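*Asks:* I'd like to ask you about the structure that follows.
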Amino acid sequence: MGRDIVECARVSTSSLAQAHCTSYELVSLHYASTIGYNDDDNRRKWILEVLIQTEPSLAYKSDKDGNYPLLIATIEAPFAAVEMILKHCPDSAELVDRSGRNALHLAVLNNRVSSIGSLIKRPEFKMLINQPDNDGNTPICI
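Here the UniProt record's numbering is used: position 131 in the sequence shown is 131, and no number is missing along the way.
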């Protein structure tokens, strides 16, 4: 898996920045958003940082399932990954999945308690607290 991550980073920093990592059918930033890292794993953190700084437009590309890197990171990665994406692409907070759910909806649905608290403190999420999904549910009502 480590080599695949490095290959995704190499592809993303080349002229093929929007190419898919074929073995995963994901845009490379999506894949990097799922890796999950901690403070001791600087290589993985570096890969996500390089991808988001080199090609920030990748944060606004959905994968084949309609998910965006921020949404994937909200569900699967440490909150530091979410913060990194928002630092470089604050407008990505407004992206929603096919069900109309933003990152705050997903944090609530996946019981990411620390993420919920951190997201609602961010200015990008102030207006999204009351944003309904396709079923009319707001993050607060889920």
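Even glycine gets a Cβ: it sits at the ideal position worked out from N, Cα and C.
On a predicted model such as this, the values are computed, not experimentally measured, just so you know.
According to DSSP, simplified to helix, strand and coil, what is N67?
*Replies:* Here N67 sits in coil by DSSP.
*Asks:* Does DSSP classify K87 as helix, strand or coil?
*Replies:* Here K87 sits in helix by DSSP.
*Asks:* I142 by DSSP, collapsed to three states: which one?
*Replies:* Coil.
*Asks:* Short of 7 Å in beta carbon distance, which residues of its chain neighbour T74, apart from the five on each side in sequence? Order them along the chain.
*Replies:* V82, A103, L106, A107, R112, S115.
*Asks:* Do you know offhand how far N130's Cα is from N110's?
*Replies:* Taking the straight line from one Cα to the other gives about 18 Å.
*Asks:* Apart from the five residues just before and just after N134, which ones in its own chain have a Cβ nearer than 7 Å to its Cβ?
*Replies:* So the qualifying residues of the chain are S99, G100.
*Asks:* How would you write the range of the alpha helix (DSSP H) that V108 sits in, first residue to last?
*Replies:* Element bounds for V108: 103 to 109.
*Asks:* What whole-angstrom Cβ distance do P69 and A80 have, given they're in contact under 8 Å?
*Replies:* With 8 Å as the limit, P69 and A80 do not qualify as a contact, their Cβ atoms being about 14 Å apart.
*Asks:* Note down, in chain order, each residue of its chain lying with its Cβ closer than 6 Å to the Cβ of V96, except the 5 sequence neighbours on either side.
*Replies:* Counting only Cβ-Cβ distances below 6 Å, and skipping sequence neighbours, we find N102.
*Asks:* For L71 and A93, which I take to be in contact (beta-carbon distance under 8 Å), what is that distance rounded to the nearest angstrom?
*Replies:* With a Cβ gap of about 10 Å, L71 and A93 do not count as contacting.
*Asks:* Which same chain residues end up closer than 7 Å to L119 when comparing Cβ atoms and leaving out the 5 residues on each side of it in sequence?
*Replies:* A103, L104, A107, F125.
*Asks:* To the nearest angstrom, report how far apart A77 and G136 are at their CA atoms.
*Replies:* Distance between the alpha carbons of A77 and G136 is about 27 Å.
*Asks:* Can you find the residues in the same chain that come closer than 7 Å, C-beta to C-beta, to R122, ignoring five residues on each side of it along the sequence?
*Replies:* Excluding positions up to five away in sequence, the list reads L86.
*Asks:* Alpha helix (DSSP H) containing K121: first to last residue?
*Replies:* K121 -> alpha helix (DSSP H) spans 113 to 121.
*Asks:* Reducing DSSP to helix, strand and coil, say where L128 ends up.
*Replies:* Helix at L128.
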